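For the sequence shown, the working numbering assigns the number 7 to the initial residue and increments by one for each residue that follows. Just so it is clear, CB atoms sit at the ideal spot from N, CA and C, and this is done for glycine as well. For clarity, every value in this text was computed on a predicted model and none was experimentally measured. The structure appears right after this line, and notes come after that.
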Amino acid sequence: SFVSYLTNGFLVRFGFLASIMLLFVAKEAVILLLGEKWLPSVILIQLLVLYSLMRPLQDAMGSVSTALGKVREYSHLSILQGILMFTLPPVMTYFYQAKGAAISVGLIVLLGVVLLQRSLRERIEINNFRIYLYPGVAALASSLAYLGVFLNYEFTLNLWFVLFSKIGLLLLVYLSVLFLLEGRVLVARFRYLLSVVYGK
């Protein structure tokens with residue numbers, strides 16, 4: 007239970023950071039890496055934030071579920087998600103075009119996380135408040151810092167400079183707030199995970 011909590015905690019903290027990066031630097035990244043003709047895809051990338059946050063959690067919980075002998079339940083979930091993947095995205099695409107498909111994929115994975123947590127609670131303790139609170143606060147703080155700097159200003163500097171400035175600001179604020187709130191705990195948990203992985 008403790009190892010599962012640690013793993014999910016690290017995944018959530020990394021996932022929140024990746025998600026705010028996806029939200030706020032997608033435009034510059036698309037222009038620089040793919041070209042301006044791909045700008046319409048920016049909104050689709052941003053709509054995949056929910057998927058990018060939930061997918062690693064589902065994979066980790068799926069591994070825990072299998073280790074605890076809940077193979078049948080996990081198989082049923084995989085079948086359910088497969089059915090939904092074949093039905094929900096086409097319907098959402100019909101009504102909302104590509105945006106609907108991006109949203110539906112995230113919702114299906116979110117459903118998987120919710121159902122897995124419900125199943126695993128029979129065997130292990132899962133405290134979502136403890137898992138999501140601090141990374142949520144750090145993500146909110148970094149988002150507000152970003153909006154305060156970049157929302158009302160049009161930067162005409164080199165686009166690479168703007169991209170790395172945004173990444174640097176988000177990283178600085180997110181990690182600073184996170185370590186301010188739980189720095190010692192994070193270091194201790196990381197060392198514990200290393201000892202589990204390497205047997206030290």
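Considering residue i, what are the terminal residues of the alpha helix (DSSP H) in which it resides?
i	result
Leu96	Reading off the sequence, residue 96 comes out as Pro, not Leu. Where Pro96 is concerned, the enclosing alpha helix (DSSP H) stretches over Val77 to Leu126.
Pro46	Taken as a continuous stretch (DSSP letters only), Pro46 belongs to no alpha helix (DSSP H), as it is neither H nor E.
Arg129	That residue, Arg129, is in no alpha helix (DSSP H); it is neither H nor E in DSSP.
Asn2	This structure cannot settle anything about residue 2, because the visible part of the chain is limited to 7 through 206.
Leu56	Val55 to Ala73
Using a threshold of 9 Å, state whether the C-beta atoms of residue i and residue j are closer than that.
i	j	result
Leu122	Leu90	no
Phe16	Gly142	no
Val120	Gln87	no
Ser149	Leu56	no
Val18	Leu59	yes
Leu187	Tyr138	no
Phe20	Pro62	yes
Leu181	Ala145	no
Leu40	Lys105	no
Keeping to the same chain, check which residues put their C-beta closer than 8 Å to that of residue i; ignore five residues upstream and five downstream.
i	result
Met27	Ile173 and Leu176
Leu113	Leu56 and Leu94
Lys33	Leu45 and Val48
Answer with buried or exposed for residue i, where buried requires no fewer than 16 other C-beta atoms within 10 angstroms of its C-beta.
i	result
Ala108	buried
Leu53	buried
Ser25	buried
Between residue i and chain D, is the shortest Cβ-Cβ distance under 9 Å, so that the two count as touching?
i	result
Phe20	In the structure shown, chain D does not exist; there is a single protein chain.
For residue i, which residues in the same chain have their Cβ closer than 7 Å to its Cβ, ignoring the five residues on either side in sequence?
i	result
Ala151	Leu175 and Val179
Ser125	Ser71, Lys76 and Glu79
Leu169	Val31, Glu34, Ala35 and Leu38
Gly118	Gln64, Leu83 and Gln87
Leu147	The sequence as given places Ala at residue 147; Leu does not occur at that position. Counting only Cβ-Cβ distances below 7 Å, and skipping sequence neighbours, we find Val179 and Val183.
Phe156	Lys172
Glu128	none
Ala66	Thr13, Asn14 and Leu17
Thr99	Gly106 and Ala107
Leu165	Glu34, Ile37 and Leu38
Gly68	Tyr80 and Leu122
Heavy atom of the ligand SAM less than 8 Å from the Cβ of residue i, yes or no?
i	result
Phe92	The model on display carries no ligand, and the ligand SAM is accordingly not part of it.
Leaving out the 5 sequence neighbours to the left and right, which residues in its chain are closer than 6 Å to residue i when beta-carbon positions are compared?
i	result
Asn134	none
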